[in-house]
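Okay, so here's the structure we're looking at.
Protein chains in written order, with our numbering: chain A, 285 to 549; chain B, 83 to 411.
What follows is the structure, encoded as structure tokens:
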């Protein structure tokens, strides 16, 4: 077995230990379903419009429900993990392994996300379908959007990994940097609301931002809103951004660790 | 490099430390203006480690031991000087170099806390590309030596500290490293487990020929394990040599515990200091740099009626403590 896959299996096994977090996550999802279900009904019902910025009410609600179903997979904890590694000195145990530091964390993240995918997606879909009229817009679109979410996870991970490198220089900026990063990501990834709701000029700019391809693009694939060409193009752009952020990580990581002073072993 | 497995030449390392007062005003001031000071952790350190030896790397807190260990493990780079280990430069060839080293840090676990230790061992098997046959053989050997057959199947979180340390040893030795770094391996471990761990270190050193570099505050570890010790203080080596040589060089007194036939008071012997005195017993500290033990005993016997005498040497702990305090070479 390849070491990378072994790390994924190990992290998956570890994730199975926390049964309680499964129930808490499911409860969180249900609350999110309820809020979005009634919020978007109220927004659309306010002036009786059937379509807002190209999305019908039912599509908008499903957009938000699908995000809630899938966002556990895309989520990463890397920023906090790197901060702890640097602050507590646990980075020493990772650097003693003959492996790249970032890739060790990526494998662990993939293992945890695999567990979330395995344990939460199907129950979430069932609850959303029974109580909140969630539906698929075609099995093909659904499967392709799940694949796109996998690329989103990689993209999100490498963006967070780069941001987390700040910890090597400015350990006390963890919360501030994390807050700005999350606000930026939540708004410009389409997690708070669909990016169609922004003015046209902004939507043009969003095409060049990596955040667009983290949530908005996979959900638009799920809704069947992208053509085959756009879907292929979105995967190419996601892959390009992943490579770009991985290269940036490799470039800065070597330099930062060379000046790293560490903490008592 | 001959017989040396590690060569350290002129290594220095300093850290920038934020200087801050302890008042509320100082804290507020630090928001706008910060002063930094440079702390030299290592100053022109030179030494070598021979293949197969057990080296004790000692020093008081803040002496620079951990910094040196991190440099030797390839985790951080020195500011100046060179270090060669296994014919590699640890920080530059880290991924290649760490394949042949193992490390146990008493304060930092390499085990996955929520999973049984056996899961970490299996992961290490993949990381170090150990064949199924070698893995099974090595694991069986280590498990039997440390007597942890049942323990390795329980989640690490549920193990005692001593049990966890034994599992840390297995995790660090599965890939048969050539150098083993041990940072406080017996800290917080009970007497029996401590003895087991010491015996284990001796055995693997003897049988596998693994070179061991040990940092510890436990003099028992040093006395029972180390062929040679280096004492570091404020980033400078203040002693390098064997324990017998340390005694020869630094032993300044021996103690005589004297049992008298009669009640004896006001004991006075040249070059001896009375440390403790009871009616029929006294402890005398003999300054051996000024007089010999035989002379001191002769003086004692001539003046007092002595029933029995015990001789006690200054402990290694006390000698090392004196070296720490004086920082002398």
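Where a beta carbon is used, it is the ideal one built from N, C-alpha and C, also for glycine.
- Of all residues in the stretch 320 to 352 of chain B, none has a C-beta nearer than 7 Å to a C-beta of chain A.
- Around the beta carbon of residue 240 of chain B, a 10 Å sphere encloses fewer than 16 other beta carbons of the protein chains shown; the residue is thus reported as exposed.
- Between residue 139 of chain B and residue 147 of chain B, the C-beta gap is smaller than 8 Å, which places the two residues in contact.
- DSSP places residue 458 of chain A in the uninterrupted alpha helix (DSSP H) bounded by 458 to 472.
- Residues of the stretch 371 to 388 of chain A that bring their beta carbon within less than 7 Å of a beta carbon in chain B comprise 373, 374, 376, 377, 379, 380, 381, 382, 383, in sequence order.
- In this structure, residue 393 of chain B keeps its C-beta atom at 8 Å or more from the C-beta atom of residue 328 of chain B.
- Taking one beta carbon from each stretch, the stretch 246 to 254 of chain B and the stretch 176 to 194 of chain B have 3 or more pairs nearer than 8 Å; the two touch.
- Assigned with DSSP and collapsed to three states, residue 125 of chain B falls in strand.
- A direct Cα-to-Cα measurement between residue 396 of chain A and residue 128 of chain B gives close to 46 Å.
- Spanning the alpha carbons of residue 337 of chain B and residue 369 of chain B requires a straight line of approximately 9 Å.
- Secondary structure of residue 308 of chain B (DSSP, three-state): coil.
- DSSP links residue 170 of chain B through a beta bridge to B:167.
- Each of A:480, A:335, A:299, A:488 was checked against the Cα of residue 500 of chain A, and the nearest Cα belongs to A:480.
- Per DSSP, residue 219 of chain B lies in no beta strand (DSSP E) segment; the continuous alpha helix (DSSP H) that holds it begins and ends at 214 to 228.
- Looking at the DSSP output, residue 319 of chain B sits in a beta bridge with B:314.
- Segment contact: the stretch 506 to 517 of chain A against the stretch 438 to 446 of chain A, fewer than three CB-CB distances shorter than 8 Å; contact not assigned.
- The stretch 513 to 532 of chain A makes no contact with the stretch 361 to 373 of chain A, as fewer than three CB pairs between them are under 8 Å.
- From the beta-carbon of residue 284 of chain B, no residue of chain A is found nearer than 7 Å; the closest lies around 23 Å away.
- Per DSSP, the continuous beta strand (DSSP E) segment holding residue 335 of chain B begins and ends at 335 to 342.
- Contact check for residue 160 of chain B against residue 93 of chain B passes: the beta carbons are separated by less than 8 Å.
- Listed by position along chain B, the residues whose Cβ is nearer than 9 Å to that of residue 301 of chain A are 196, 197, 237.
- For residue 460 of chain A, no Cβ of chain B is located within less than 8 Å of the residue's own Cβ.
- Contacts with chain A at 8 Å (Cβ-Cβ) include residue 192 of chain B.
- Proximity to residue 301 of chain B across B:264, B:397, B:108 peaks at B:397, based on C-alpha coordinates.
- Between residue 270 of chain B and residue 123 of chain B, the gap from beta carbon to beta carbon reaches 8 Å or more.
- Interface criterion not met: the Cβ of residue 453 of chain A is under 8 Å from no Cβ in chain B.
- The Cβ-Cβ distance between residue 163 of chain B and residue 91 of chain B falls below 8 Å.
- When Cβ pairs closer than 8 Å are counted between the two stretches, the stretch 381 to 397 of chain A is seen to touch the stretch 287 to 305 of chain A, the count reaching three or more.
- Residue contact with chain A for residue 155 of chain B: present (Cβ-Cβ distance below 8 Å to some residue of chain A).
- Check the Cα spacing between residue 359 of chain B and each of B:340, B:112, B:280: the tightest is with B:340.
- Rounded to the nearest whole angstrom, the CA to CA distance from residue 401 of chain A to residue 469 of chain A is 21 Å.
- Here the stretch 320 to 327 of chain A makes contact with the stretch 338 to 353 of chain A; the two share three or more CB pairs at distances below 8 Å.
- Take the alpha-carbon of residue 345 of chain B and the one of residue 385 of chain B: they are about 13 Å apart.
- Listed along chain B, no residue sits closer than 9 Å to residue 296 of chain A by beta-carbon distance, the nearest being about 11 Å off.
- In the DSSP assignment, residue 98 of chain B falls within the unbroken beta strand (DSSP E) covering 86 to 101.
- For the 8 Å CB-CB criterion, residue 496 of chain A and residue 463 of chain A do not form a contact.
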